[in-house]
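S.K.:
Protein chains: 6
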Amino acid sequence: MFSHNKRLQYTVRVSESNPGLANLLLEQFGGPQGELAAAMRYFTQALAEEDMGRKDMLFDIATEELSHLEIIGSLVAMLNRGAKGRLAEAVDSEADLFRSLQGAGNDSHVTQVLFGGGPALINSAGVPFSGAYVDSIGEPTADLRSNIAAEARAKIIYERLINVTEDVGVKDALTFLMTREIAHQKSFEKALYSMDKSFPPGKLPGDPRFTDLYVNTSPGEGDMAGPWNSGEKWQVLVPSDKNTPLDGGEGTASVELASDDKAAVDAFAARGASNPSRDPVTGADLGVLSQEPKDQ
Amino acid sequence: MFSHNKRLQYTVRVSESNPGLANLLLEQFGGPQGELAAAMRYFTQALAEEDMGRKDMLFDIATEELSHLEIIGSLVAMLNRGAKGRLAEAVDSEADLFRSLQGAGNDSHVTQVLFGGGPALINSAGVPFSGAYVDSIGEPTADLRSNIAAEARAKIIYERLINVTEDVGVKDALTFLMTREIAHQKSFEKALYSMDKSFPPGKLPGDPRFTDLYVNTSPGEGDMAGPWNSGEKWQVLVPSDKNTPLDGGEGTASVELASDDKAAVDAFAARGASNPSRDPVTGADLGVLSQEPKDQ
Amino acid sequence: MFSHNKRLQYTVRVSESNPGLANLLLEQFGGPQGELAAAMRYFTQALAEEDMGRKDMLFDIATEELSHLEIIGSLVAMLNRGAKGRLAEAVDSEADLFRSLQGAGNDSHVTQVLFGGGPALINSAGVPFSGAYVDSIGEPTADLRSNIAAEARAKIIYERLINVTEDVGVKDALTFLMTREIAHQKSFEKALYSMDKSFPPGKLPGDPRFTDLYVNTSPGEGDMAGPWNSGEKWQVLVPSDKNTPLDGGEGTASVELASDDKAAVDAFAARGASNPSRDPVTGADLGVLSQEPKDQ
Amino acid sequence: MFSHNKRLQYTVRVSESNPGLANLLLEQFGGPQGELAAAMRYFTQALAEEDMGRKDMLFDIATEELSHLEIIGSLVAMLNRGAKGRLAEAVDSEADLFRSLQGAGNDSHVTQVLFGGGPALINSAGVPFSGAYVDSIGEPTADLRSNIAAEARAKIIYERLINVTEDVGVKDALTFLMTREIAHQKSFEKALYSMDKSFPPGKLPGDPRFTDLYVNTSPGEGDMAGPWNSGEKWQVLVPSDKNTPLDGGEGTASVELASDDKAAVDAFAARGASNPSRDPVTGADLGVLSQEPKDQ
Amino acid sequence: MFSHNKRLQYTVRVSESNPGLANLLLEQFGGPQGELAAAMRYFTQALAEEDMGRKDMLFDIATEELSHLEIIGSLVAMLNRGAKGRLAEAVDSEADLFRSLQGAGNDSHVTQVLFGGGPALINSAGVPFSGAYVDSIGEPTADLRSNIAAEARAKIIYERLINVTEDVGVKDALTFLMTREIAHQKSFEKALYSMDKSFPPGKLPGDPRFTDLYVNTSPGEGDMAGPWNSGEKWQVLVPSDKNTPLDGGEGTASVELASDDKAAVDAFAARGASNPSRDPVTGADLGVLSQEPKDQ
Amino acid sequence: MFSHNKRLQYTVRVSESNPGLANLLLEQFGGPQGELAAAMRYFTQALAEEDMGRKDMLFDIATEELSHLEIIGSLVAMLNRGAKGRLAEAVDSEADLFRSLQGAGNDSHVTQVLFGGGPALINSAGVPFSGAYVDSIGEPTADLRSNIAAEARAKIIYERLINVTEDVGVKDALTFLMTREIAHQKSFEKALYSMDKSFPPGKLPGDPRFTDLYVNTSPGEGDMAGPWNSGEKWQVLVPSDKNTPLDGGEGTASVELASDDKAAVDAFAARGASNPSRDPVTGADLGVLSQEPKDQ
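Sequence order for the protein chains is F, H, E, B, Y and W. Residues in the first sequence are numbered from 11 upward in steps of one, following this note's numbering. Residues in the second sequence are numbered from 11 upward in steps of one, following this note's numbering. Residues in the third sequence are numbered from 11 upward in steps of one, following this note's numbering. Residues in the fourth sequence are numbered from 11 upward in steps of one, following this note's numbering. Residues in the fifth sequence are numbered from 11 upward in steps of one, following this note's numbering. Residues in the sixth sequence are numbered from 11 upward in steps of one, following this note's numbering.
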């Protein structure tokens, strides 16, 4: 069960109104690499986790991400606070308010008109948060790798936001949030490798004929060698008519159909058969040729 | 530029019609861990990649994933082929066709009615493929981790599909596809660690005050120690009134408002102020009390 | 800032595995009327709220909804726990596992195959949670009404789930969750009517010509009178050529165009003009008539 | 059945081309609080309504909302009409056309390039209309509250749009549309309270132990009292180890598993168990340490 | 402006409750080829149309599609009416209600639990209606072709639904709806070819080097000739190193960068450069090798 | 199976950095009329096609569209290349970087901050690519028409992009891509009309009472005659009380309910019945009237 402390985990001190910057920060509120996605990624994993140690860690980090969601949301609310008041109370002329929504250095019209300046579950383009951002699949050898990657991505988004922020207080809070992603990545890395075996993920082994095979499907000039395709552990194959399909078969797709199924498919095929020897007049032809009115 | 060979990379031999199984396989055609998501993840990275070695690798693997999309799509098409013919030609009674769409062991009504049995860009629940499944962000230290995680997740989904498949030919093709995810994960791992420095991701360092801090936000009974929160590299903090906010500040959110902004916010606040001393009659009260018709 | 207690707000005691029921319960985990939508609705409002009393209330209820999200998620995890193990470890035959995913009384294939039985941010049809479910717009006279309505809807979904649940422990937890929606609705009702003026919502008054007008756009047999369209406060209008448009104008849409804009629109119109006196041969005609191959 | 009159319900007179304003107005065409969402909310309720009076009202208001959709769509079409012609006929230089799409005070590139200046089923950020905006659930005690809230939200969005509109004709039409939302809200309020009992919504009563309970989950400094949590009808609880879980139980989640299920879960847990006493080298470590090329 | 007549355009007589069939019919209520998509496709085109004849036609057909939306919605409401009552009033045992939601021949749990049996803006899989289904782009030579194709698709979906419907009254109404799609397609065909020139669509001509070129990108065994790639109007090209790129250039992508841009890109590339001569230990290696606890 | 050649099908030569233009071009990378949608439309059709000629054509064109996706993605990558470097390496001041993201003539903040300047599966508004863009339904008489319409739409979007592009190299590549849509449309037209019968689409004939009927649902002033509603093949009907419903019935919706179903529906109706003779006090009334605090 959760409880809330009205104090933030990190103090938010914004220097001045800036709805355009608020808009950018929404990327980490309701965007794919944002704090809600992070919190829900770990929270959903925690609920079904069987290992008590990881479960504890997942609840710890999920809860901290909720506190970070509160920080980034507070930044958005403060950056928008003045604009919110001006629009709601209509203290400026309509022309001034219109310009303030769409002028240079600002793209906050959705935030202002639709959400009244409050933090909304959207990214910086106005796209609603999606549960599809959460890629938990209930297998720790995969989920921990997803968490590591998610922390890496979130770190980068914060880095980019810091690079475009002049406001000292905002930059300070963003740096805190960015740093915590680094710490969380370290925890998830430790958790992954404290399992006895994490590769290949899951339980089933691969087919040994294909586990060390690198298929050079983009061959020719520009081919490069690196540890990802060269060295003793790799067998490299440039596909050709001789070595493909990889199973040695004919490379077709087939299904055994019951006789009545086959009859139905044949009827379907016959109905839709094209006649390759016909060169028909087409709609494109009709659209080019000027047709005389029929009533003439 | 791409070219196509009409032979598949791996031969598809399906034993019998099975629209229910086709429906499950759509998970890897148009689902979040599916082959289109994989192909597009690597293809979009390849287009913007600056390192010629990784670019070559990304094109190689992206192209192979397109061939895998063709394999899984061919499996779906073959499993649905008989059902497609029967529905299009209406060879059975309406009752039989209705039952075949919704009977036990089958949930393929969307695939059949909407898509005519063809492979569609949906997952096994009928949710359309989304570009949001592709988490490329243009920074190799993050993208390669995303790729590693994505391959791990895809491997697991194939493993689960294999576990529910009786058809020998389908199982064989799925095992091939699963194995290739293992090989691809290995390539991405090699590429990640062949960079001089991949951690922390990106360029900006973290704030050293917070990089080794583990915040125990779910404290108490059930707390567990592990390498993710214990050992010399971790400083553990149980949040309390004394040690939070972590910046030592007051934990509030504030913004410096221009005076006219402040006036507008005050007006907005005054207009919406609640009167805590009032105990009003509410709509809930009205909904409980029987009101006499006014015209009586 | 948030903290977590590993104990639930309400104990979850599930009688037996039931992935089909788990699937239904997802409606209140990641669905439109679910607990995450509720928590985020109040949390986003709290962040931008100017009235300290309502802000406190919104944080209280948002936080409780997170605890309810944990309860419903724990119900899902427990109901799926056995099935998760069986599929991951492949302890049954493939045929049995396939049947268990799709048999009568069960529609949990997405939950099992894609999410491994963990609670996922989807509704009971597998549609991902959307930020669009959160209808906060930053104006308390509207948001509180949205909250009242949302609690009413959530209460009904719980009622329906209770009606289809045989498991005593699940029913008990659902009844708790349903009851809390009633209590929350009462709080939001009190908050709405403790404002000095909450109707019309916002600041701008309506145009008095149209505030008491009821337009009978579906006139004729079946017309009914009720307090929503009859009584002294309503003026009823059946639209006719005489009384519409309601502004007394000509009912057209027009724009003053600059002369060069007008010229461009005219050119556009001329290029796409249809010739009503032509009765052309069409693609439909071509598709009916058998065309002789041209090369004959 | 519907019929259409080529005259609008309210005359649209736009003063000049303004694609930027057209873009904002799309919020009420294809946005969450827009006229299509409104029309469909009431129309879907009308179709399944059992009370003939409400059914009549719902058809009346749904049909009027379609006429409002036509008004707002006509405003968009007129505001974009000049720009549409210029882009389609390429009457300006490419540079001028590019600037006109993206210059200050304008964010209409999606509307112009993708939709050719026509009104599109998107909101002002370009997000496609979603059926998820329609929150009808088929229970009048909930649906009428949803309608009341939806009208309140729509009124506010119109108010904000009016505040940023200088064009007298546009402002006039928007004021009409805003006013009608007020009238509709009044009708829905009357309909709600003309039921004998509308609270609690639905049929099932709540559990009396929890209907008057207010849980102070965000306790401490800043706690405020108001009618939503104080007075004789409220029992307030600050959660503590003593009074939670609220059912008096142990606060855990449990399920009775069949023995073979239990064995499968145990196997799953064992396979994924973490070893807390291991302090492993991790991928983060590998990413920091410079690795010597192996071939040296 | 719209008006409504409480009588349907076609009488709906349903023989018996059938929520499973109701669920399938939702495909044409809120699905991609459904009546709302059709109505909105033509309505949005009508609003911006410059040709008065087409505008009239588009309003006529859009309005009729709204009447068809009412018919298909009424079918859904009637098929669900009994089930709605049973669930809302809980007249059966919980087990019976659960089975009725998920039993063989039925997949209506979303419709029942979330929407209470009312017609909802979803397709038969529960996916919400999307504005993205409406492909109007504001150019008549394209939009009319989109309309023709949309009518063809809708005709096919109705045909499939008819094939799985036993209920005589439902089949009768569906046949009416299917037939109207045929009539509408004919109207749109006439409108397309009554323009002086409709091909190529739009205003700009193509580059004559590439308008009659067929690129055989999937060459080899299985190549087929047909009017789409053979005959005097086609020039066929099998891509090879000699004839590609088609512009005769080097086939690379390049950009002229300002010197400071170039420096920044170089720095970015250097930071992320991979070292192809390194064969690093990777996370996959760590996941295979059993690591000894460090504290030993 | 696919293979890749590192050379593009058409050489991309971009004159200078232009992230704003890159943003617009995304419309054809991840937008509804873009190259991925095209490739997937034809690829999914090819997989299930029964006619070997069309199957070959569909693979040819699908593969070429993938090569076009590579061209448009390369254009985006080149146009963003400088900006990517500047933001990642933070070579400018924060203020300059902020302005570069949001200044006049640029709306690329999503592309830059979230995707790091790489081509992303979004449209020009930042909306993720959706599988719903692909309207293949597995019936060639419908799918070929969808393909024709899709090519027409794509041609128009390219035409608009060309109209706003000053960069000679970009314009050249866009003209190539636009031209190929013309060629593809011609192929699909030929394929459609080389079938023996393509109208009406599918197998079932229409009901002859309704195939030649034009319903004038928007009658009155402004009615226009054209080949779509006049001439010998059309029967025109202006709906009136006398000639509707079109089946000659009563125009109601009805269902035969089992007696227990009927009892449940009656109970549901009774519980929710409105009392039309009551004129209740409502929440709107409460929100207008100032309520005295109860404790006074």
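Positions of the beta carbon are idealized from the N, C-alpha and C atoms, including for glycine.
Tell me the residue span of the beta strand (DSSP E) that contains residue 224 of chain F.
M.R.: Here the beta strand (DSSP E) through residue 224 of chain F covers 223-225.
S.K.: Could you name the residues of the segment 281-298 of chain H whose beta carbon sits closer than 7 Å to any beta carbon of chain B, in the order they occur along the chain?
M.R.: Residues passing the 7 Å Cβ filter: 284, 286, 288, 289, 290, 294, 296, 297, 298.
S.K.: So what does DSSP say about residue 17 of chain B, is it helix, strand or coil?
M.R.: Here residue 17 of chain B sits in coil by DSSP.
S.K.: Only counting the same chain, and skipping five residues up and downstream in sequence, which positions put a Cβ closer than 6 Å to that of residue 161 of chain F?
M.R.: Only 191, 194, 195 meet the Cβ criterion.
S.K.: Determine the DSSP secondary structure at residue 122 of chain E, reduced to helix, strand or coil.
M.R.: If DSSP states are grouped into helix, strand and coil, residue 122 of chain E belongs with the helices.
S.K.: For residue 132 of chain B, list the residues DSSP reports as bridge partners.
M.R.: For residue 132 of chain B, which the question treats as bridged, DSSP gives the partners B:138.
S.K.: Only counting the same chain, and skipping five residues up and downstream in sequence, which positions put a Cβ closer than 8 Å to that of residue 25 of chain B?
M.R.: The residues are 177, 178, 179, 180.
S.K.: Which residues of chain H have a Cβ atom closer than 9 Å to the Cβ of residue 159 of chain F, listed in chain order?
M.R.: 145, 152, 153, 154, 155, 156, 157, 158, 159, 160, listed in chain order.
S.K.: Quick check: the Cα distance between residue 94 of chain F and residue 122 of chain F, rounded to an integer number of angstroms?
M.R.: Taking the straight line from one Cα to the other gives about 7 Å.
S.K.: For residue 67 of chain Y, does the three-state DSSP call read helix, strand or coil?
M.R.: Residue 67 of chain Y: helix per DSSP, three-state reduction.
S.K.: Could you pull the start and end residues of the beta strand (DSSP E) that residue 245 of chain F belongs to?
M.R.: Start and end: 245-247.
S.K.: So what does DSSP say about residue 22 of chain Y, is it helix, strand or coil?
M.R.: Here residue 22 of chain Y sits in strand by DSSP.
S.K.: List, in chain order, every chain H residue whose beta-carbon is nearer than 9 Å to that of residue 61 of chain E.
M.R.: Simply 279, 282, 283, 284.
S.K.: Quick check on this structure: which residue in W:267, W:289, W:292 has the alpha carbon closest to the alpha carbon of residue 27 of chain Y?
M.R.: Comparing Cα-Cα distances from residue 27 of chain Y to each of W:267, W:289, W:292, the minimum goes to W:267.
S.K.: What residue does the beta strand (DSSP E) around residue 287 of chain F start on, and which one ends it?
M.R.: Looking at the DSSP string, residue 287 of chain F is not in any beta strand (DSSP E), and its letter there is neither H nor E.
S.K.: Need the endpoints of the alpha helix (DSSP H) that residue 156 of chain F sits in, please.
M.R.: It spans 150-173 - the alpha helix (DSSP H) in which residue 156 of chain F sits, taken as one unbroken run.
S.K.: Could you tell me whether any Cβ in chain F is nearer than 8 Å to the Cβ of residue 170 of chain B?
M.R.: Yes, because at least one Cβ of chain F sits closer than 8 Å to the Cβ of residue 170 of chain B.
S.K.: Buried or exposed: where does residue 250 of chain H fall if 16 or more other Cβ atoms within 10 Å of its Cβ makes it buried?
M.R.: Exposed is the call here.
S.K.: Are the segment 282-295 of chain E and the segment 47-59 of chain B in contact at 8 Å, needing three or more beta carbon pairs?
M.R.: With the cut-off at 8 Å, the segment 282-295 of chain E and the segment 47-59 of chain B do not touch.
S.K.: Under a Cβ-count criterion, where at least 16 other Cβ atoms within 10 Å of its own Cβ denotes burial, should residue 42 of chain H be classed as buried or exposed?
M.R.: It counts as buried.
S.K.: So what does residue 263 of chain E bridge to, in DSSP terms?
M.R.: Looking at the DSSP assignment, residue 263 of chain E forms a beta bridge with B:22.
S.K.: Would you report the Cα separation of residue 307 of chain Y and residue 264 of chain W, rounded to the nearest angstrom?
M.R.: The structure shown does not extend to residue 307 of chain Y, since chain Y spans only 11 to 306, so no value can be given for it.
S.K.: State whether the segment 78-97 of chain H contacts the segment 101-115 of chain W, with contact taken as three or more CB pairs (one from each stretch) at a distance under 8 Å.
M.R.: No, because fewer than three Cβ pairs between the segment 78-97 of chain H and the segment 101-115 of chain W fall closer than 8 Å, the two stretches do not touch.
S.K.: When burial is assigned at 16 or more other CB atoms within 10 Å of the CB, is residue 33 of chain B buried or exposed?
M.R.: Buried, because 16 or more other Cβ atoms sit within 10 Å of the Cβ of residue 33 of chain B.
S.K.: Quick one: grab the DSSP three-state call for residue 205 of chain E.
M.R.: Strand.
S.K.: Would you say residue 111 of chain F lies against chain B (beta-carbon separation less than 8 Å)?
M.R.: Yes, residue 111 of chain F counts as interfacial toward chain B.
S.K.: If I measure Cβ to Cβ from residue 80 of chain B and keep anything under 8 Å in the same chain, skipping five residues before and after, which residues do I get?
M.R.: 18, 19, listed in sequence order.
S.K.: Would you mind working out which of H:200, H:262, H:269, H:272 sits nearest residue 21 of chain F, comparing C-alpha positions?
M.R.: Ranking H:200, H:262, H:269, H:272 by Cα distance to residue 21 of chain F puts H:262 first.
S.K.: For residue 64 of chain E, count neighbouring C-beta atoms within 10 Å of its own C-beta (all shown protein chains included) and say buried if the count is 16 or more, exposed if not.
M.R.: By the neighbour-count rule (16 or more Cβ atoms within 10 Å), residue 64 of chain E is buried.
S.K.: Taking the alpha-carbon of residue 203 of chain F as reference, which of F:229, F:29, F:151 has the nearest alpha-carbon?
M.R.: Here the closest residue by C-alpha is F:151.
S.K.: Would a check of beta-carbon distances place residue 52 of chain F closer than 8 Å to chain H?
M.R.: Judged by the 8 Å Cβ criterion, residue 52 of chain F is not in contact with chain H.
S.K.: Whose C-beta lies closer than 7 Å to the C-beta of residue 118 of chain F among residues of the same chain, with five residues either side of it excluded?
M.R.: Once the five neighbours on either side are set aside, the close Cβ partners of residue 118 of chain F are 29, 30, 32, 33, 111.
S.K.: Contact criterion: CB-CB distance below 8 Å. Does residue 121 of chain Y meet it with respect to chain W?
M.R.: So no, residue 121 of chain Y is outside the interface.
S.K.: Check whether the segment 206-218 of chain F touches the segment 135-155 of chain F, counting contact only when three or more Cβ pairs, one atom from each stretch, lie closer than 8 Å.
M.R.: Cβ pair count under 8 Å is three or more, so yes.
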